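Protein chains in written order, with this note's numbering: chain A, 4 to 117; chain B, 108 to 218. The C-beta atom is built at its ideal place from N, Cα and C for all residues, glycine as well. Since this is a predicted model, take the numbers as computed values, not measurements.
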Amino acid sequence: DAGVTQSPTHLIKTRGQQVTLRCSPKSGHDTVSWYQQALGQGPQFIFQYYEEEERQRGNFPDRFSGHQFPNYSSELNVNALLLGDSALYLCASSAVPGADEKLFFGSGTQLSVL
Amino acid sequence: KQEVTQIPAALSVPEGENLVLNCSFTDSAIYNLQWFRQDPGKGLTSLLLIQSSQREQTSGRLNASLDKSSGRSTLYIAASQPGDSATYLCAVRRNTDKLIFGTGTRLQVFP
């Protein structure tokens with residue numbers, strides 16, 4: 004049973020560019036959340052997708068957008084990259100939004116913006 | 108606004124010691140609390156989940172307690188091993204779906 008998978012594992016971009024990160028949830032899960040983790044910090048919630056819609060959003064600018072596909076996989080897009088966007092981006096999945104379940108995290112995508 | 112604090116920020120101990128990691132949160136109206144382990148540059152592995160109605164959860168050498176009224180949780184690691192070396196994060200969930208994380212405790216267990 005595959006867990007949460009993310010791609011790519013590492014990415015290097017320059018300021019002003021755009022990036023797309025991908026996530027496939029754990030089998031049986033239909034809810035995907037994205038988190039940003041800066042070096043030495045705890046993860047910060049970006050947004051959550053369920054039934055192909057954004058259900059909740061954290062305190063991130065509109066440069067951060069996402070999408071969920073019918074197969075429950077998800078993409079995180081970041082436009083006009085800034086140096087401060089350099090971080091580990093984590094995807095998490097769960098079976099039902101708001102349920103009493105553990106969140107399962109992927110290994111993350113390490114984004115470096117030069 | 109919910110804030111989560113973890114103390115200590117870093118800990119270095121010899122193998123075999125019993126450890127206590129602390130997590131405190133400012134708003135006691137939580138849904139549950141979860142402890143995670145993170146290896147360097149890697150994702151998070153869920154260790155224990157405690158519902159707001161529970162007092163503690165145990166898994167192997169790990170025991171997590173929750174005192175919601177005082178806004179505190181502890182993670183107890185018995186007979187620590189070098190393989191336990193990692194960063195340990197606690198996170199609380201309110202009646203929404205997002206987790207609010209602390210900044211973690213970086214643990215090193217040396218032989």
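Three-state secondary structure (DSSP) of residue i
i	result
Leu-45(A)	Note on identity: in this sequence residue 45(A) is Gly, with Leu being the wrong assignment. If DSSP states are grouped into helix, strand and coil, Gly-45(A) belongs with coil.
Leu-14(A)	strand
Asp-191(B)	helix
Pro-147(B)	coil
Ser-117(A)	For the sequence presented, residue 117(A) should be read as Leu rather than Ser. Coil at Leu-117(A), not helix or strand.
Ile-184(B)	strand
Ala-117(B)	strand
Tyr-138(B)	coil
Arg-162(B)	coil
Gln-9(A)	strand
Asn-170(B)	strand
Ser-27(A)	strand
Arg-179(B)	strand
Gln-215(B)	strand
Within chain A, the residues that residue i reaches when beta carbons sit closer than 7 angstroms
i	result
Phe-208(B)	Gly-45 and Pro-46
Gly-211(B)	Gly-45
Leu-126(B)	Ordered by position in chain A, no residue passes the 7 angstroms Cβ test against Leu-126(B), which lies about 20 angstroms from the chain.
Cα-Cα separation between residue i and residue j, rounded to whole angstroms
i	j	result
Ala-127(B)	Gly-167(B)	Reading off the sequence, residue 127(B) comes out as Val, not Ala. Roughly 15 angstroms separates the two Cα atoms.
Tyr-73(A)	Ala-98(A)	Looking at the sequence itself, residue 73(A) is Pro, so the reference to Tyr does not match. When rounded, the distance between both Cα atoms is 15 angstroms.
Gly-45(A)	Cys-197(B)	9 angstroms
Ser-27(A)	Arg-162(B)	34 angstroms
Ser-194(B)	Asp-65(A)	Here the sequence assigns Thr to residue 194(B), which means Ser is not the residue at that position. Spanning the two alpha carbons is a distance of roughly 31 angstroms.
Asn-80(A)	Ala-117(B)	34 angstroms
Lys-205(B)	Phe-48(A)	6 angstroms
Val-116(A)	Arg-25(A)	18 angstroms
Pro-218(B)	Gln-145(B)	20 angstroms
Ser-180(B)	Phe-63(A)	29 angstroms
Gln-164(B)	Pro-147(B)	26 angstroms
Val-216(B)	Glu-54(A)	43 angstroms
Ser-153(B)	Ile-184(B)	15 angstroms
Phe-67(A)	Ser-131(B)	30 angstroms
Contact set between residue i and chain A, taken where Cβ atoms lie within less than 8 angstroms
i	result
Gln-141(B)	Lys-105 and Leu-106
Gly-169(B)	Checking the sequence shown, residue 169(B) turns out to be Leu, not Gly. Near Leu-169(B) there are no residues of chain A at all, since even the closest Cβ is about 14 angstroms away, more than 8 angstroms.
7 angstroms Cβ cut-off: residues of chain B touching residue i
i	result
Gln-71(A)	The contacting residues do not exist; Gln-71(A) stays about 14 angstroms from chain B at best.
Gln-113(A)	Gly-148
Beta-carbon neighbours of residue i, restricted to chain B and to distances below 8 angstroms
i	result
Leu-93(A)	Gly-150 and Leu-151
Gly-109(A)	Gly-150
Residues that residue i contacts on chain A, provided the C-beta gap is smaller than 9 angstroms
i	result
Leu-196(B)	Gly-45 and Pro-46
- [ ] Report yes or no: do three or more beta-carbon pairs, one from the stretch 185 to 202 of chain B and one from the stretch 117 to 130 of chain B, lie closer than 8 angstroms?
- [x] yes
Task: Meets three-Cβ-pair contact criterion under 8 angstroms: the stretch 81 to 96 of chain A and the stretch 37 to 55 of chain A - done: yes
Open item on the list: To test your reading of the DSSP string, which unbroken beta strand (DSSP E) runs of 3 or more residues are found completely within the stretch 45 to 110 of chain A?
Closed with: 47 to 53, 56 to 60, 67 to 71, 77 to 81 and 90 to 97
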